[in-house]
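**Q** Sending over a structure as structure tokens; questions will come in a sec.
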Amino acid sequence: MSNLTHHNVHNFFKLNGHHFNAKELGNIAYSYIKEGDLYEKAIGEFLLDWFDNKEYIEMTTSGSTGLPKEVRLQKQAMIHSALATGDFFDLSPGDKALLCLPVKFIAGKMMLVRSLILGLEIDIVEPSLDPLARNTVKYDFVAMVPLQVQNSIKQLINVKKLIVGGTKMDASLEEKLLSLKTEVYETYGMTETITHIAAKRVGEKVFSVLPNVKIAKDERECLVIYLPSVSADPIVTNDLVELINDRQFVFIGRIDNVINSGGVKLIPEQIEAKLTGKINARFFVTGVLDIALGEKLILVIEGEKQEFASDFFNFLGKFEKPKEIVFVPKFKETGNGKMLRKPSLES
């Protein structure tokens, strides 16, 4: 396995039901770029990038955790990531996979890389909110974002293993998935770690890291990732975690979202989890400047104004109750659908 290079195409690899070698995939890439739809052009461009003689690919991060930035990802590191995913999820050559994510982003790129390296038979459909709507094929391995999962509940009967990433699933969606036979995993990762470095079954709290990943906490209680195949230096995140051991953790929230209200530290993700299913719209909680408290907790709801009974928030802790409710017509998002809190509030 260690001598695999980005020029290798596994003998079992198929694209839309057909075997192709590297040269043939180059021809397909050119036809996608010349004649394909927008999503196919992105696939064609990535295939050409993957099979060229450079040792890396260049791409832009999503910008969900800061300003988008250009990064170089080593192709050998992407191969290691694909192998680790194959081990963790017990994928075998000939397993059938579906690509329904944009290849513009790392998650879509890595579905192709996994297929090329692990020998998966991958089908490609146009990225949409309901990618399984007209599907009757049974798939062993599929990756989606939560909104796609929400719109595909009935069709997931045709999916054996599903990984969900991009943004956190809410509790009501997790509840729906618990009754399915499909193995559903929530993943944790980012562009800089070449998609996920950890995953957990839906309904569980503890993330387990993939092979060859080690973790620790820094003095801020934030996750630090040791991933030698990707970075010689530790990858320091802004994610507050409870560390179980050097291979397992519980995600608590992002340190940049923490609200200091009158000396009390409030973690929005924990409050939002309690509110999930009780508000009929997308929402988030955040802190805004306040003379008396330093920061006050507010609830931001997408869409038209709603009225709430005076006792509606009584189930929340004393400091968790919003001091104000703000309605925003439409939340702002990154290109791959992650909600942007501060820009949404400023709109």
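The numbering of the sequence shown is the UniProt record's numbering, which starts it at 1 and goes up by one. Where a beta carbon is used, it is the ideal one built from N, C-alpha and C, also for glycine.
1. Can you name, in chain order, every residue of its own chain whose Cβ lies under 7 Å from the Cβ of M1, other than the five neighbours on each side?
2. Leaving aside the five residues before and after residue 349 along the sequence, list all residues of the same chain whose C-beta is less than 8 Å from its C-beta, in chain order.
3. Which of the three DSSP states is assigned to F249 in this structure?
4. Compute the Euclidean distance between the alpha carbons of A171 and G26, then round it to the nearest angstrom.
5. Using a Cβ distance threshold of 8 Å, determine whether the segment 73 to 87 contacts the segment 221 to 238, with at least three qualifying pairs required.
6. Between K332 and L340, how many whole angstroms is the CB-CB distance? I'm expecting something under 8 Å.
7. Apply the 10 Å Cβ neighbour rule to T187 and answer buried if 16 or more other Cβ atoms are within range, or exposed otherwise.
8. Once you ignore the five residues that flank P93 on each side, which residues in its own chain have a CB closer than 6 Å to its CB?
9. Helix, strand or coil for H7, going by three-state DSSP, please let me know.
10. Just tell me which of Q155, I117, E219 and T5 has its CA closest to the CA of residue 360.
11. Are the Cβ atoms of T182 and L162 separated by less than 7 Å?
12. Spatial neighbours of E192 within its chain, please: C-beta separation below 8 Å, excluding the five flanking residues on both sides.
13. For the segment 200 to 213 against the segment 307 to 325, are there 3 or more C-beta pairs whose distance is under 8 Å?
14. Give the DSSP-derived three-state secondary structure of Q270 in the structure shown.
15. May I ask which residues mark the beginning and end of the alpha helix (DSSP H) holding D87?
16. Given a cut-off of 7 Å, decide if N238 and I255 are closer than it, judged by their beta-carbon atoms.
17. If you reduce the DSSP assignment to three classes, tell me which class K161 lands in.
18. Counting only the same chain and skipping the five closest in sequence on each side, list residues whose C-beta sits under 6 Å from that of E126.
19. Just checking my contact of F320 with L266 at CB under 8 Å: how many whole Å lie between their CB atoms?
20. Using only the alpha-carbon positions, how far apart do A22 and F89 sit?
21. Thinking C-alpha only, which one of G317, E35, V164 and V250 is nearest K217?
22. Hey, how far is the Cα of R247 from the Cα of K214?
23. Helix or strand or just coil, what does DSSP make of T60?
24. Restricting to runs no shorter than 3 residues, where is the beta strand (DSSP E) found entirely within the segment 194 to 246?
25. I need the DSSP call for D290, collapsed to helix, strand or coil.
**A** Reading off the structure:
1. Legend: pLDDT at M1 = 46, less than 50; position of this residue unreliable, no value from coordinates given.
2. Any question about residue 349 goes unanswered here, given that the chain covers just 1 to 347.
3. Reduced to three states, the DSSP call for F249 is strand.
4. If you take the alpha carbons of A171 and G26, they lie about 43 Å apart.
5. At 8 Å Cβ cutoff, the stretches touch.
6. Cβ atoms of K332 and L340 come within 8 Å of each other, at about 5 Å.
7. The residue is buried, with at least 16 neighbouring Cβ atoms inside 10 Å.
8. Within the same chain, P93 has close Cβ partners F12 and G119.
9. Here H7 carries a coil assignment [DSSP, helix/strand/coil].
10. Nothing can be reported for residue 360: it is not among the residues displayed for the chain, which extend from 1 to 347.
11. Note that the C-beta distance between T182 and L162 is below 7 Å.
12. Excluding sequence positions up to five before and after E192, its CB lies within less than 8 Å of the CB of T61, V71, V230, S231 and I235, all in the same chain and listed in chain order.
13. Not touching, per the Cβ criterion.
14. In this structure, Q270 counts as helix in the three-state DSSP scheme.
15. Membership of D87 in the alpha helix (DSSP H) is indicated by the continuous run K75 to F88.
16. Less than 7 Å separates the beta-carbon of I255 from that of N238.
17. Of the three classes helix, strand and coil, the one that applies to K161 here is strand, per DSSP.
18. Spatial neighbours of E126 in its own chain (CB-CB distance under 6 Å, excluding positions within 5 residues in sequence) are listed in chain order as Y39.
19. The residue asked about is misnamed: residue 320 is Glu in this sequence, not Phe. 7 Å between Cβ atoms; contact.
20. Their backbone Cα atoms lie some 26 Å apart in a straight line.
21. Nearest of G317, E35, V164 and V250 to K217, Cα basis: V250.
22. R247 and K214 have their C-alpha atoms some 6 Å from each other.
23. T60: strand per DSSP, three-state reduction.
24. Taking only runs of at least 3 residues, the beta strand (DSSP E) segments lying wholly in the segment 194 to 246 are 195 to 201, 206 to 209, 214 to 217, 222 to 226 and 235 to 245.
25. In the three-state DSSP reduction, D290 falls in the strand class (E or B).
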